[in-house]
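Sequence lines, in order, name chains G and S.
Per this note's numbering, the first sequence starts with residue 1, numbered consecutively.
Per this note's numbering, the second sequence starts with residue 1, numbered consecutively.
Contents: one structure, followed by commentary.
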Amino acid sequence: MTDEVRTMPAAAQPRLMRWSVVLPGLAALAFSLVLPQFANAYVTEVATTALLYVVLCLGLNIVVGYAGLLDLGYAAFFAVGAYTSGILTAEFGFNFWLTIPVAMAAACVAGIIIGAPTLRLRSDYLAIVTLGFGEIVRIIARNLDITGGASGLIGIERPEIFGFKLMQVQHFYYAFLVLALLTAFVCLSVERSRMGRAWFYVRYDEDAAAGIGINRVTAKLQAYMMGAVIASVAGCLYAAKMTAISPESFTFNQSLLILLGVVLGGMGRIPGVVLGAVLVALLPEVLRGAGTYRPLVTAVALLAIMLFRPNGLWPDKRV
Amino acid sequence: MTLDLVIQQLVNGLIVGSFYALIALGYSMVFGVIKLLNFAHGDIYMNGAFVGLIVFSFVGIWVGNGWLGVVCALLVSMLVVGLLGVVIERFAYRPMRNAPRLSILITALGASMVLNGTALALTGGRHYAFNTDLGFAGVDISTVHITYTQMVLVAASIALMAGMQAFVSRTMYGKAMRAVSIDMGASRLMGIDVDRVIALTFFMGSALAAGGGVMAGAYYGSVHFFMGFIMGLKAFTAAVIGGIGSVPGAMLGGLLLGLLEAFGSSLPFVGSEWRDVFVFGTLILFLVFKPTGLLGRSVVERV
Numbered sequence: 001m002t003d004e005v006r007t008m009p010a011a012a013q014p015r016l017m018r019w020s021v022v023l024p025g026l027a028a029l030a031f032s033l034v035l036p037q038f039a040n041a042y043v044t045e046v047a048t049t050a051l052l053y054v055v056l057c058l059g060l061n062i063v064v065g066y067a068g069l070l071d072l073g074y075a076a077f078f079a080v081g082a083y084t085s086g087i088l089t090a091e092f093g094f095n096f097w098l099t100i101p102v103a104m105a106a107a108c109v110a111g112i113i114i115g116a117p118t119l120r121l122r123s124d125y126l127a128i129v130t131l132g133f134g135e136i137v138r139i140i141a142r143n144l145d146i147t148g149g150a151s152g153l154i155g156i157e158r159p160e161i162f163g164f165k166l167m168q169v170q171h172f173y174y175a176f177l178v179l180a181l182l183t184a185f186v187c188l189s190v191e192r193s194r195m196g197r198a199w200f201y202v203r204y205d206e207d208a209a210a211g212i213g214i215n216r217v218t219a220k221l222q223a224y225m226m227g228a229v230i231a232s233v234a235g236c237l238y239a240a241k242m243t244a245i246s247p248e249s250f251t252f253n254q255s256l257l258i259l260l261g262v263v264l265g266g267m268g269r270i271p272g273v274v275l276g277a278v279l280v281a282l283l284p285e286v287l288r289g290a291g292t293y294r295p296l297v298t299a300v301a302l303l304a305i306m307l308f309r310p311n312g313l314w315p316d317k318r319v
Numbered sequence: 001m002t003l004d005l006v007i008q009q010l011v012n013g014l015i016v017g018s019f020y021a022l023i024a025l026g027y028s029m030v031f032g033v034i035k036l037l038n039f040a041h042g043d044i045y046m047n048g049a050f051v052g053l054i055v056f057s058f059v060g061i062w063v064g065n066g067w068l069g070v071v072c073a074l075l076v077s078m079l080v081v082g083l084l085g086v087v088i089e090r091f092a093y094r095p096m097r098n099a100p101r102l103s104i105l106i107t108a109l110g111a112s113m114v115l116n117g118t119a120l121a122l123t124g125g126r127h128y129a130f131n132t133d134l135g136f137a138g139v140d141i142s143t144v145h146i147t148y149t150q151m152v153l154v155a156a157s158i159a160l161m162a163g164m165q166a167f168v169s170r171t172m173y174g175k176a177m178r179a180v181s182i183d184m185g186a187s188r189l190m191g192i193d194v195d196r197v198i199a200l201t202f203f204m205g206s207a208l209a210a211g212g213g214v215m216a217g218a219y220y221g222s223v224h225f226f227m228g229f230i231m232g233l234k235a236f237t238a239a240v241i242g243g244i245g246s247v248p249g250a251m252l253g254g255l256l257l258g259l260l261e262a263f264g265s266s267l268p269f270v271g272s273e274w275r276d277v278f279v280f281g282t283l284i285l286f287l288v289f290k291p292t293g294l295l296g297r298s299v300v301e302r303v
């Protein structure tokens, strides 16, 4: 780290949006708006998964891409959201929309418990502690009665909006599209905010960041918790879509896939992360016949990207 | 808790603890030299168990499934997997040495996943039996039966760790290792071949993990591609408890964690299904109150 030339992080520089990003973005948006109108149920289902990964990867990108912290248990926050919403609707009859703030609060609490002690230390500690946290959440979900144990939680209510009940794949497709757009908007605005700039400085040079008056522990904790909150909201919607969730949906492998999505397209940049998320969602479809070789393919992809193209497939030319 | 149960858990804790200590030692040594957590360490332990099993089933044809076979498997596996550690360092860590920390961490993770994914692809995710013929002879302390195998396991891991400590504190190479861990740049100026010292550290750390893997495989009688995952986490916890970067700390942390786990899971409100949660809670408590561990130095990040 000390040997490299330090450049100002691109997003910290105030610049106008570039057409090379805006035009493909608008085209992608138009395409995703009309997609369910002509696609069959299978394609819509895959596209919905892709949107879920877009939300999760954008959320993890705040932690990994913006603040430069490695989180290996991101699926745990996804699980916290899904289980909070699922338990509240299925067991206590809450309205789905009311469970979202509760899930966000739960993710914040979990984020503080894990983040506050760990973020004071070296960044590798966070990686391995989050790895453990991911496993712990899964073990807890598997062993408690209220989470339905190993077989999982069933009978989660479908959400209603203005008297219209979300039922079909298409409905959830649009729900996830709205969530993805909302997340992208949050990321865009936070990237340019005072907090976002603080993350970039902390990521590029912690000591210099501390020198100009940034509290690095607070900055890291903010990024970590914001990532956690986004994952928990995605979890709420995921639970509502599936109506049944089990601990096996939130394994270490899930966390790895989300991380791969962030790294694949290009850490720290929204278009790159969206591209990576879509690729990761397509991966299981492409590798359907690969069976036990699937994790190896994922692993080689991650290693190859890091060794040969560390800025991702769609890197930022300005840095 | 009766006295018998205490003795029984003491035995269990010491055995599991000596496995933890062997693996924690590798974590600590690599961390000491390159200031990096080797994520692949748990997978190296798993690979060690598999290589040991392969060797064991080959030499078993000539020397039988007894002690001689296990010792052959142990030595060959330590050598082969030690070299594997060197290869991993050469191709995954060395190219990244001056890269930003995040990139190094992700590369390390990728290396770990490649090892794990290869093992899954080759074994198809099956459990393989490690059938040894070591017998159940031993001594009885009140009603607790302690086999000679158990005693040898603990003694062997203590011998390995003592040898490592002697190597690090008495030999020229050990001195070079300590020098690199204090200041890599200055060591290079003093004529130490830093690359070679790092490779040696990876070799020794990986060989210890492989030794732990073979012993655990032979003791539990089964090996599995996923056995390294939770072991890596626990060994990390052990290294943190003892103070990461410290060789005696890793031994102390491993044995303490083994005992803590054995006694913790026999408490009525913990139970074995919550054992891993209990261990993880210990890790969090240490990170909050004593992040330097029992015998470690400061670990606060200075980039």
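Glycine residues also receive a C-beta, built at the ideal position from the N, C-alpha and C atoms.
On the premise that residue j lies in contact with residue i, defined as a C-beta separation below 8 Å, what is that separation, rounded to the nearest angstrom?
i         : j         : result
Gly65(G)  : Val262(G) : 6 Å
Val273(G) : Leu58(G)  : 6 Å
Ile325(G) : Val109(G) : For chain G, the structure presents residues 1 to 319; residue 325(G) sits outside this window and is missing.
Ile87(G)  : Thr147(G) : 7 Å
Gly276(G) : Gly312(G) : 7 Å
Ala107(G) : Gly81(G)  : 6 Å
Phe39(S)  : Ser112(S) : 4 Å
Gly249(S) : Gly296(S) : 6 Å
Phe203(S) : Ala119(S) : The pair is not a contact, with the Cβ atoms about 20 Å apart (cut-off 8 Å).
Leu160(S) : Thr149(S) : Rounded, the Cβ-Cβ distance is 16 Å, inconsistent with contact.
Please work out which residues of its chain come closer than 6 Å, Cβ to Cβ, to residue i, disregarding the five sequence neighbours upstream and downstream, and give them in chain order.
i         : result
Gly205(S) : Gly26, Met29, Val30
Pro247(G) : Arg138, Ala141, Arg142
Gly232(S) : His41, Gly42
Ala92(S)  : Thr107, Ala111
Ala210(S) : Gly48, Ser77, Met78, Val81
Arg302(S) : Below a pLDDT of 50, predicted positions are generally treated as unreliable, and Arg302(S), at 40, falls in that range; the measurement from the model is reported next regardless. Excluding positions up to five away in sequence, the list is empty.
Quick check on the burial criterion: 16 or more other C-beta atoms within 10 angstroms. Buried or exposed for residue i?
i         : result
Phe200(G) : buried
Asn215(G) : exposed
Asn116(S) : buried
Asp71(G)  : buried
Tyr173(G) : buried
Tyr84(G)  : Note that residue 84(G) corresponds to Thr in the displayed sequence, not to Tyr. Buried, since its Cβ has 16 or more Cβ neighbours within 10 Å.
His224(S) : buried
Pro36(G)  : buried
Ala155(S) : exposed
Asn47(S)  : buried
Ser272(S) : exposed
Ala27(G)  : exposed
Met172(S) : exposed
Trp9(S)   : Inspection of the sequence shows that residue 9(S) is occupied by Gln rather than by Trp. With 16 or more Cβ atoms within 10 Å of its Cβ, Gln9(S) is classed as buried.
Lys220(G) : buried
Thr118(G) : buried
Thr218(G) : exposed
Phe162(G) : exposed
With a CB to CB cut of under 7 Å and the five nearest residues on each side skipped, what residues in its chain are close to residue i?
i         : result
Val55(S)  : Cys72, Ala73, Val76, Ser77
Thr147(S) : Phe136, Ala137, Gly138
Val299(S) : Caution applies to Val299(S), whose pLDDT of 47 falls short of 50 and renders its modelled position unreliable; the value that the coordinates give is listed next. Same-chain partners within the cutoff: Ile244, Pro291, Thr292.
Val102(G) : Thr84, Leu88
Val21(G)  : Pro271
Lys241(G) : Phe172
Ala218(S) : Val70, Phe130, Thr132
For residue i, which residues in the same chain have their Cβ closer than 8 Å to its Cβ, ignoring the five residues on either side in sequence?
i         : result
Ala39(G)  : Ala47
Leu257(G) : Tyr53, Val280, Leu283, Thr298
Worksheet item: Touching or not, the region 148-163 of chain G and the region 91-105 of chain G, by the rule of three or more beta carbon pairs under 8 Å?
Response: yes
Worksheet item: Which residues, taken in chain order from the region 248-261 of chain S, show a beta carbon closer than 9 Å to some beta carbon of chain G?
Response: none
Fill in: Stretch pair the region 67-85 of chain S + the region 250-262 of chain S: three plus CB contacts closer than 8 Å
no
Discussion item. Using a Cβ distance threshold of 8 Å, determine whether the region 93-100 of chain S contacts the region 224-244 of chain S, with at least three qualifying pairs required.
Written reply: no
Worksheet entry | Validate contact between the region 303-310 of chain G and the region 103-119 of chain S using beta carbons, cut 8 Å, 3 pairs | yes
Item to complete: Mind the definition here: the region 252-272 of chain G touches the region 52-71 of chain S only if three or more C-beta pairs lie below 8 Å; say whether that holds.
Response: no
Worksheet entry | Segment contact flag, the region 211-225 of chain S with the region 116-132 of chain S, C-beta cutoff 8 Å, min 3 pairs | yes
Worksheet item: When you check each C-beta in the region 97-108 of chain S against every C-beta of chain G, which residues fall closer than 8 Å?
Response: Asn98, Ala99, Pro100, Arg101, Leu102, Ser103, Leu105, Ile106, Thr107
Worksheet item: Is there contact between the region 153-171 of chain S and the region 180-191 of chain S, where contact requires at least three CB pairs shorter than 8 Å?
Response: no
Item to complete: Using a Cβ-Cβ cut-off of less than 7 Å, give me the residues of the region 277-295 of chain G that come near chain S, in sequence order.
Response: Thr292, Tyr293, Pro295
Worksheet item: Taking Cβ-Cβ distances below 9 Å as the criterion, which residues of the region 116-144 of chain G are in contact with chain S?
Response: Ala116, Pro117, Thr118, Arg120, Leu121, Arg122, Ser123, Asp124, Tyr125, Ala127, Ile128, Val129, Leu131, Gly132, Phe133, Glu135, Ile136, Ile139, Ile140, Arg142, Asn143
Worksheet item: Along the region 239-267 of chain G, what residues have a CB closer than 9 Å to any CB found in chain S?
Response: Phe252, Leu256, Leu259, Val263, Met267
Fill in: Near-chain G residues of the region 173-186 of chain S - C-beta to any C-beta below 8 Å
none
Worksheet item: Using Cβ-Cβ distances below 9 Å, what residues of the region 295-306 of chain G are close to chain S?
Response: Pro295, Leu296, Val297, Thr298, Ala299, Val300, Ala301, Leu302, Leu303, Ala304, Ile305, Met306
Worksheet item: If you measure beta-carbon to beta-carbon, which residues of the region 233-244 of chain S are closer than 7 Å to chain G?
Response: Leu233, Phe236
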